[in-house]
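A.B. asks:
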Amino acid sequence: MIDLVSKTFFHTLAGSQGLKQLASRYAMRRPHSIARRFIAGETVEEACEAARTIEAVGLLQTLYMVGERVATMAEADFATRRYLTLMDRIVAGGIGRNLSLKLTQLGLTIDRATCVDNLRRILDGAGTRDFFIRVDMEDSPFTQVTLDIFETMWQQGYRNAGIVLQSYLPRSVADAKRMNELGARVRLVKGAYKEPRKVAYKNGAAVDAAFIEIMQLLLTEGTYPAIATHDANMIAATRAFAIKRGIARDRYEYQLLHGIRRDLQTELTAHGYRVRVYIPFGGEWFPYFMRRLGERPANVRFVVRSILREH
Ligand SMILES: Cc1cc2nc3c(=O)[nH]c(=O)nc-3n(C[C@H](O)[C@H](O)[C@H](O)COP(=O)(O)OP(=O)(O)OC[C@H]3O[C@@H](n4cnc5c(N)ncnc54)[C@H](O)[C@@H]3O)c2cc1C
Numbered sequence: 000m001i002d003l004v005s006k007t008f009f010h011t012l013a014g015s016q017g018l019k020q021l022a023s024r025y026a027m028r029r030p031h032s033i034a035r036r037f038i039a040g041e042t043v044e045e046a047c048e049a050a051r052t053i054e055a056v057g058l059l060q061t062l063y064m065v066g067e068r069v070a071t072m073a074e075a076d077f078a079t080r081r082y083l084t085l086m087d088r089i090v091a092g093g094i095g096r097n098l099s100l101k102l103t104q105l106g107l108t109i110d111r112a113t114c115v116d117n118l119r120r121i122l123d124g125a126g127t128r129d130f131f132i133r134v135d136m137e138d139s140p141f142t143q144v145t146l147d148i149f150e151t152m153w154q155q156g157y158r159n160a161g162i163v164l165q166s167y168l169p170r171s172v173a174d175a176k177r178m179n180e181l182g183a184r185v186r187l188v189k190g191a192y193k194e195p196r197k198v199a200y201k202n203g204a205a206v207d208a209a210f211i212e213i214m215q216l217l218l219t220e221g222t223y224p225a226i227a228t229h230d231a232n233m234i235a236a237t238r239a240f241a242i243k244r245g246i247a248r249d250r251y252e253y254q255l256l257h258g259i260r261r262d263l264q265t266e267l268t269a270h271g272y273r274v275r276v277y278i279p280f281g282g283e284w285f286p287y288f289m290r291r292l293g294e295r296p297a298n299v300r301f302v303v304r305s306i307l308r309e310h
């Protein structure tokens, strides 16, 4: 219940322009400002530096240039060009070539065909530079269209891309089976958005049970799945299942978010597991930041303490 209240509270705040302006001014300005716990910084240099630090301790990384629901074609084109430039910067910087993006960042809410063209430009650029592109999953109005676009690209021969499925959506079991049939790489998450009761499980136990069911499907029939969670129980269930079935550690990876459960990140690496850290960066970090805050009631206290400290 308190989880739902926290999610709703931050979801409502996420719509506030005043708060957004205030946050832009204060939440990122110092090395210890609150948003920096979850976001690597606003610039490509800061992102590459964070990626290097992560790789130095044996972790893998994927960079996400924050942005979603752009309102104009020009913004979608700008985001596309920035992803292509980012690839060049990553190649020059000699860090791992793995990016995450969102389709509404590439214009999905404005024009589907343009979004597909933009994604194709990125996948073409990724192909020549040997990058892997993960298409993040957004809220449920975009689930089907995201899967459709992903599958269209897959059928056209783009194999350097993967998708995300959310265990809070009952439909994801069937979607996982379909992705397994295709041979596509899936990142499994619980789901981050505030969804209506009729499309998503509200009960944490149901979300966890579906997570385990899908994890087992992906591990046994899927292609190099990513189990993306900070939940020690989900990680333990994955480890136990993989051991029982004799699934080697290099047949899947764990993924965690920048700034969350660093203890688990290093512990898993120390045990020889592949662990990838999702590193968000860039100027449009406010919605991402608010989703992270809403995930945990304790984050409300964390924000209040940080604001008091900033003053
Ligand atoms: C690599 C990665 C990529 C993701 N991509 C997507 C995506 O494309 N689409 C999507 O909908 N969701 C995505 N998510 C978010 C995901 O859906 C969940 O919202 C998020 O991971 C929290 O769920 P959990 O599995 O960690 O379990 P929970 O049960 O929510 O959390 C387990 C424990 O982790 C810690 N924790 C979790 N979240 C926080 C937080 N914000 N702050 C502090 N501690 C926290 C706490 O200790 C908590 O008790 C992604 C998550 C990861 C790790």
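Residue numbers for the sequence shown follow numbering that gives the first Met the number 0, beginning at 0 and rising by one. Virtual Cβ for every residue (Gly too), placed ideally from N, Cα, C. All of these numbers come straight from a predicted model, not from anything done at the bench.
1) Using only alpha-carbon positions, find the residue among P279, D110, G92, V276 that is nearest to E74.
2) Helix, strand or coil: how does DSSP classify R275 here?
3) Between the alpha carbons of I1 and Y272, how many angstroms are there, rounded?
4) Is the beta carbon of V317 within less than 7 Å of some heavy atom of ligand 1?
5) Please check the pair Y253 and I226, which I expect to be a contact at CB under 8 Å, by giving their CB distance rounded to whole angstroms.
6) Quick one: does the C-beta of I259 sit closer than 7 Å to a heavy atom of ligand 1?
7) Name the DSSP bridge partner or partners of G281?
8) Ligand 1 and E294: does the residue's C-beta get closer than 7 Å to at least one heavy atom of that ligand?
9) On a CA-only basis, which of T222, Y251, G245, A183 is nearest I234? Give me that one, please.
10) Rounded to the nearest angstrom, what separates R184 and L217 at their Cα positions?
11) Examine ligand 1 and report whether any of its heavy atoms sits within less than 7 Å of the Cβ of G190.
12) CA-CA distance, R133 and T228?
13) Mapping DSSP to helix, strand and coil, what is F37?
14) What is the DSSP secondary structure of I1, reduced to helix, strand or coil?
15) Please report the straight-line C-alpha distance between T103 and I38, rounded to a whole angstrom.
16) Compare the Cα-Cα distances from F130 to each of L146, G161, T113 and report the closest residue.
17) Going straight from the alpha carbon of M72 to that of K101, what length do you get?
18) I'd like to confirm the pairing. Which residues does DSSP put opposite I132 in its beta bridges?
C.D. replies: From the atom records:
1) D110
2) strand
3) Residue placement at I1 is flagged as unreliable, the pLDDT there being 49, under the threshold of 50; the coordinate-derived value follows with that caveat. Cα to Cα, I1 sits roughly 33 Å from Y272.
4) No information on residue 317 is available, as it lies outside the stretch 0 to 310 that the chain covers here.
5) 5 Å
6) yes
7) Note: G281 sits in no beta bridge, so no partner.
8) yes
9) Y251
10) 9 Å
11) yes
12) 16 Å
13) coil
14) Reliability fails at I1, whose pLDDT of 49 lies under 50, so the model's placement of it is uncertain and the value that follows must be treated cautiously. Looking at I1 - three-state DSSP - the assignment turns out to be helix.
15) 20 Å
16) G161
17) 15 Å
18) L98, A160
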